[in-house]
Structure formats: structure tokens, C-alpha cells
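Engineer: Numbering (the UniProt record's numbering), first residue to last: 1 to 808.
Don't be surprised by glycine CBs; every beta carbon is placed ideally from N, CA and C.
Could you have a look at this structure, given as C-alpha cells, before my questions?
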């Protein structure tokens, strides 16, 4: 069964793990059919069938990397249950897709997502720039020692970076339970590379409830997820560990990877992740992980947080030959753990040498400490840490500007100097100073790129596909702080004079008006056609939006040329809250649908662009015994909704006499309201009632009693059919458990018709506190209403007591 929230995000519910996999496949095929077609061709190396000769280079690379053969071997090596899980997903996809997938295609798609999201392009770049610099050095007579010194300044992460993740232990949070937040960074694509999904298995012997992100076409939740269960929750997130896990022959472009070496795509981790109940389960599941090597942050309801490196890193002998795998891999614990593709501590030297600069990690840690100093940290507060736009690596450039003698500068350059030095260092869309800074930085980079030893370094010898990894100016921009420091110390890296470059660039930018940062720094997700240099079909391109942030911000957004459109940035954002109230949040750059005509194609874009997130819908869709609480489907459930709400026993519901279509229309309207929810209660797969909620601070009912922050209004209607009889305790327990998980809920509010003696008696039996008896007159009903209240602690006690009576 597939239901969707107001953002079109699917909740997939199945009676078995195979049914969940099947329905997940069907849901993603409904949402992303064209994207799935493209991803299959990417994985199989047949993109020329869709895009012509423009895609020939990609197809050749996929063939050399043997993606299809590796996927086939990895599929054959799966255990029986994992293989059946993948097969069920493919069956669901193939119910919708015109071009059918093969059993191993999801593995090939997963590998295709990482074929260039890996170490080998960076190794090719390092080989290329060294050969160019050494050749130029020999021509002008620079010693080898100087060459090594200058090349050492380039030893930072390459283009695939920018990801952040932070875990905060329960000792520092409002709930006393951990929070995990993060934002993976990749190429911005349309449709996006991640899809939000909720997977719920109602099998009493194999129940799980997991919200997270998946690669379209890959079953389960791979990288970022929150798994809820009756005893608590566990959550995880990752960043790229920037490990040295690949070797490459730059002459033949033969790539040796752990995945090819082992014939293992890591898919044995997928089912255990869905079933995880504790941090140790997640760590054990990621023990099956192969590539890419990742930093894993994990936390559970016990309150602590952990950081583990997961995957396979080859151990090498002195000649570079492989001699097994690095073991143990780095790990650490702490109250606040941050990973931003950086070298977390000295033990990370075991996995690589070229990490991201520490600026983002330090800034995140600083912001979390600021939050902790103000008091216990909430999920909503942690989410804005990921939206921070302070330029954290610009100090070196600004220090160099400050060191310039104002008297030696022209008048306009002096004024520009004063403006940029007075700037608050926020890369905000409305900031003219941010645009001035970016233009100045690019001018400095342009001048250093013309250094004698770098002549020819900006040419990619391996074709257009790998050209982004050979973007000399992007490389220099990343290591600009080190280059400027060397210049201030009197050095001339690569034969350039960085200080003189700053003075010259300042004069140039002072003569122009760069406008505001948001005028040039626009998010531009690339369609598949654009990724191959082609014009997309009419209407396929999503709107461009002004984007804050920059390379060197926590909100890391990489602009083409440093000042233009951003084609690389956060491809998802999340906060996992492990508390029972579960204030978890998430967002993607566009929306749930890949269809440009869908209202959910880019309905999350504005929220994403400002650094915001939306709430995870119905975080406590629970399985208690054989009872499920799920969102209603206004039209799929129309017959049952009509039967319940128009029956004689539902006369207090106020809907008698309405047609099926009218009832469906009302529930469709309810589904569209942000302050209302309607949820079906199911026993053994049969709907037996409805649980509705409302926000008294928005709904007019709230005017009839003394509202309190955290109040949630409840309406409950149960069918009197045979499926519910004898199961009322279980149904009520499931409904109360759902209500206890509504974000921010502190008290439930009931206002049954005072003449409805059965409802009044039920609330009295539950121990609800009686409130006022009022004549309630609203735009939709009029009745004598008896208010009742149940505080969250009372709700939890009732859930525990009632659940104890459910046969296990």
C-alpha cells in the first residue's frame, strides 16, 4: 500500500518485507519513471541510445569500469533473502515501467551513482598536475624540492565534497535523546538523486518503520535513516570519508576498486539496516559496506552517539600493492561528533591523506556549542546549523586585503577594501559585499592560475567527462588560504605572487558592480540532457532560485567559476530526532516527483533554498500487534469513510446524508490542510476506524477552551464491524501511541458531543480530565461539547498499560 503526505512523499506499507520492497519499487516508478529509465541506461552504459554521441564518453567509462559485470557478480553473491528483497523491488518497478529492469539492475544503478564519486578522478588530477608542474619546472630551472612544496599546497579534497553531519548526545538535547543532522552534497540534478520515503512492515515477527532517503531504483534506505520501534528508535547518517580506496593506471585507465575486487556492492547491508533497533545493529549492518568508504554517525535511544568509518580500504605494501584491508578502521565517541569530509583525528591517516579543510567541521562544532550554551538543543535549532552561511575560509583572503597599504591603492580600490573588511562574512543572497568578496576571490584565482609552473594544468587529458576534476581554478579556490599564507610569508607558489594578485584583483572588482550575491549565485539543477551538454526538452528544467552559501560555508554550494550558477550543493537535508515526540525534519532540492507537470515536482525548492526543512509526516505510524495507524487515502478509502461517517452510530460526526463523493471531497480537503490529519486504523489489514487530529491554535474549536502550547485535538470514530470487536484495547492503544508521537504534543484535547454517552464514558474510563461543557458553534457543526484533556505522561502510561494486554 502506498499513501502520500502533503508533499507527495510516499509512505509504503506492507505485510511482509518483500511486499514493502515491491511497493517501494512501484512508488518510485510512479514518481520517477523517466529518471529510472536514464539511471538504467547510465548503469548499463547505453546512454547513447537516449542522448546520442554526446553520451559516448560515459558509456565507454562504464564499460571500462565493468559496472554490468560487477553488478551481475554482486547479485549472484547475495544471500537468498537479500536477493529476494531486490527481486521484489524489481517486480514493483516493472509493474509501472515500460522498459523492464533485470534482477541485477538496482545493483548496477547503485554502482553507477558512485562510478565518478570516487577517488580515481582525483588521482588522475594529481598525476596530471604533477607532470605539468615538473615539466614546467624543468623548463625554467626550479628545484624538485620547490615543486613538492607547491604541490603540497594542493593536497585538499576534490570536487565531490561538501557534505556535513553532526550527532548530538542526549545529554545536550531538549528530549534527553540524541539528534543527528546532515546534508550530503553532490551534483544538483533534476530530478534529484535522492528520494524521501517511509517504509513500514506490519509483519508482527519482522516489523519495522523507517524514514529516510533512497537512490531511485535501489531498495531500502541506504545512507540516511531513522528506524522507530516499540522500545525507541535508532538513526544514522553518513559523509564521504575521502578514503584512498582505489588505484588507477593513468595510461590505460584501468581502475582497481574494492567492489570489483570483491564482487560485492554492499547490498547485504540493506535489510539489516531496515531491521536495526540499536546503534550496534546499524554498525553491524554497515559491516557489509564496501564502497564508497563513509563516515557513519549513529545514535539510539540509549542516548549516546558514535562515529565509525565503514567500507573497505585496501592496506598497501611499500610498492603500493594490495595486502588485505585496513583493520580496524577509525572510530570515536563523544557528546558532539562532527564530520565534514575532514580528518577527524590522527587515526584517519590510516585511510587516506587528502581530506577536506577543517573549516566547516570547526564551524559546525562552534555553532552546536553556542546552542548548548543557550540551553538544551531542539531538532529545529540543529537544523539551522546546516543553513549557516558564514564564510569560514575567507579569513586568509581578508587578512591579505587588510595587509595592503591603502595609500598605494586607487580611490575606488580603497573604498572596496573598506567595504569587504567591514563585511559580516555572511554569504547571504541579498549581500552586495558577499558578491564583492566572491568576485575578488575569483580575480585572485585567475591570476594565480596564470603562474609559470601551472601553464597547461587547466587542460584535461581524459576527455570532457572528467574535466570537472581538472578544473584548475576550482582546485586553486579550495586551497587559496594555503596559497595566500605562503604569499604573505614571502613565497611565490608556482611562480605566482599571491599578494600582488590580491591588489590587482581588488582594483578590477572595484571598477565593476557585482550586484548582490543572489543575483549571480543561483541553484541550477541539471537535467539529464544538460549533464551531457544538450538542451533539455521544453518544460523539463526547474526554475532557478537564488542560493545562499558558498564553497567555504556549512551551506556549501559550489558555483561554476566561483561566482556563477551553483551546480553542486546539498542534495538532501535531514534532522533525525530520536525522542518519542519525533520532531524529525527533511528536505530535497526539488520535490518527490520527477514529472515537471506534477505539483510535487519542485514544491520543496523554496524551503530547501533558504536552508529550511519540512516535517517528516506521521513519524509514528506504528505497528502494535496487528494494528496499524496510517494516513487515509481520501478516494481509496472513500467507501469505508462514507460507511462509518454516515451510519446511525456516527450521527454526532455531522456527515449523515452525504454521498460517497462528498465524503471523499471532505477528506481530500482535510488532507491538504497543514493543521489537520486524518488517519485510518487497521486490524489485520482491514480498516476499522478513523483518527483525526487538529491544531487548536488554528482550528476554530480552540476558541472554546483555554488553549495551551502543545495541545493537539483528537476525533476518534470506530467501526462496529466484526474486525474491530474484541480488539478495541489494541486499536485504542495504537491510536494513543500515534498521538503520543505527534511532534511537540504535550496534551490531547477531546470535545465529544455531550449527548454521546459512549464517548464520554470511554474518556472517563481512560482517566481523562474533564474540562468545560460548552455550546460549541463552528462553521461546520453545532453541539453541546464536553471537553476532556489527557497530558502526554498520562497518554504514555495508557499506551504502556493497554499494550501490555496485547498478545505478543
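Among the residues of its own chain, which have a CB less than 8 Å from the CB of residue 400, if the five just before and after it don't count?
Structural biologist: 484, 487, 488, 498, 499, 502
Engineer: Cβ of residue 387 within 7 Å of Cβ of residue 555?
Structural biologist: yes
Engineer: Decide if the region 365-383 is in contact with the region 570-578; the criterion is three or more beta carbon pairs, one per stretch, under 8 Å apart.
Structural biologist: yes
Engineer: Do residue 354 and residue 482 have their beta-carbon atoms positioned less than 7 Å apart in this structure?
Structural biologist: Not in contact: residue 482 and residue 354 (Cβ atoms no closer than 7 Å).
Engineer: Could you give the first and the last residue of the continuous beta strand (DSSP E) run that contains residue 699?
Structural biologist: Segment: none, residue 699 is in no beta strand (DSSP E) and carries neither H nor E.
Engineer: Pop quiz: residue 773 and residue 754 are said to be a contact at Cβ under 8 Å. What is the actual Cβ separation, rounded to whole angstroms?
Structural biologist: 6 Å
Engineer: If you run the structure through DSSP and keep just helix, strand and coil, what is residue 109?
Structural biologist: helix
Engineer: Give the straight-line distance between the Cα atoms of residue 151 and residue 434, rounded to the nearest whole angstrom.
Structural biologist: 29 Å
Engineer: Does the region 22-36 come close enough to the region 506-520 that 3 or more CB-CB pairs lie under 8 Å?
Structural biologist: no
Engineer: Report all residues from its chain with a CB closer than 8 Å to the CB of residue 547; omit the five preceding and five following residues, and keep chain order.
Structural biologist: 429, 518, 521, 522, 523, 557, 566, 569, 609
Engineer: To which residues does DSSP link residue 10 through a beta bridge?
Structural biologist: Beta-bridge pairing links residue 10 to 4.
Engineer: Please name the residue in 633, 649, 705, 141 whose C-alpha comes closest to that of residue 687.
Structural biologist: 633
Engineer: For residue 681, which residues in the same chain have their Cβ closer than 8 Å to its Cβ, ignoring the five residues on either side in sequence?
Structural biologist: 627, 628, 629, 687, 688, 689, 690, 691, 718, 731, 734, 735
Engineer: Looking only at its own chain, which residues have a Cβ that is under 7 Å from the Cβ of residue 134, when we skip the five neighbours before and after it?
Structural biologist: 147
Engineer: Run through DSSP, which three-state label would residue 674 get?
Structural biologist: coil
Engineer: Mind checking whether residue 645 and residue 653 have CB atoms under 7 Å apart?
Structural biologist: In contact: residue 645 and residue 653 (Cβ atoms closer than 7 Å).
Engineer: Take residue 581 as the anchor and find which of 398, 179, 132 has the nearest alpha-carbon.
Structural biologist: 179
Engineer: Which of the three DSSP states, helix, strand or coil, is assigned to residue 68?
Structural biologist: helix
Engineer: Determine the DSSP secondary structure at residue 679, reduced to helix, strand or coil.
Structural biologist: strand
Engineer: Secondary structure at residue 196, three-state DSSP: helix, strand or coil?
Structural biologist: strand
Engineer: Compare the Cα-Cα distances from residue 233 to each of 244, 243, 240, 211 and report the closest residue.
Structural biologist: 211
Engineer: Looking at the structure shown, is residue 75 part of a helix, part of a strand, or coil, going by DSSP?
Structural biologist: helix
Engineer: Would you check if the distance between the CB atom of residue 294 and the CB atom of residue 238 is smaller than 7 Å?
Structural biologist: yes
Engineer: Any idea which residues DSSP pairs residue 201 with across the strands?
Structural biologist: Secondary-structure assignment with DSSP links residue 201 through a beta bridge to 14, 208.
Engineer: If I follow the unbroken beta strand (DSSP E) through residue 586, where does it start and stop?
Structural biologist: 585-587
Engineer: Please report the distance separating the alpha-carbon of residue 631 from that of residue 243.
Structural biologist: 43 Å
Engineer: Whole angstroms is fine: what's the gap from residue 30's alpha carbon to residue 96's?
Structural biologist: 7 Å
Engineer: For residue 625, does the count of other Cβ atoms within 10 angstroms reach 16, so buried, or fall short, so exposed?
Structural biologist: For residue 625, the predicted structure reports a pLDDT of 46, less than 50, and the residue's modelled location is therefore unreliable. The matter cannot be settled from this model.
Engineer: In angstroms, rounded to a whole number, what distance separates the CA positions of residue 3 and residue 402?
Structural biologist: 58 Å
Engineer: Which of helix, strand or coil does DSSP assign to residue 517?
Structural biologist: helix
Engineer: For the pair the region 388-395 and the region 360-377, tell me if three or more CB-CB distances fall below 8 Å.
Structural biologist: yes
Engineer: Count the other C-beta atoms from every protein chain shown that fall within 10 angstroms of the C-beta of residue 1, then say buried if there are 16 or more, exposed otherwise.
Structural biologist: buried
Engineer: DSSP on residue 777, reduced to helix/strand/coil?
Structural biologist: Under the three-state reduction of DSSP, residue 777 is assigned to strand.
Engineer: Does the count of Cβ pairs from the region 38-46 and the region 93-109 closer than 8 Å reach three?
Structural biologist: yes
Engineer: Does the region 86-105 come within contact of the region 114-128, defined as at least 3 CB pairs closer than 8 Å?
Structural biologist: Taking one beta carbon from each stretch, the region 86-105 and the region 114-128 have fewer than 3 pairs nearer than 8 Å; the two do not touch.
Engineer: By Cβ distance below 8 Å, which residues in the same chain neighbour residue 445 in space, the five residues on each side in sequence not counted?
Structural biologist: 473, 476, 477, 480, 562
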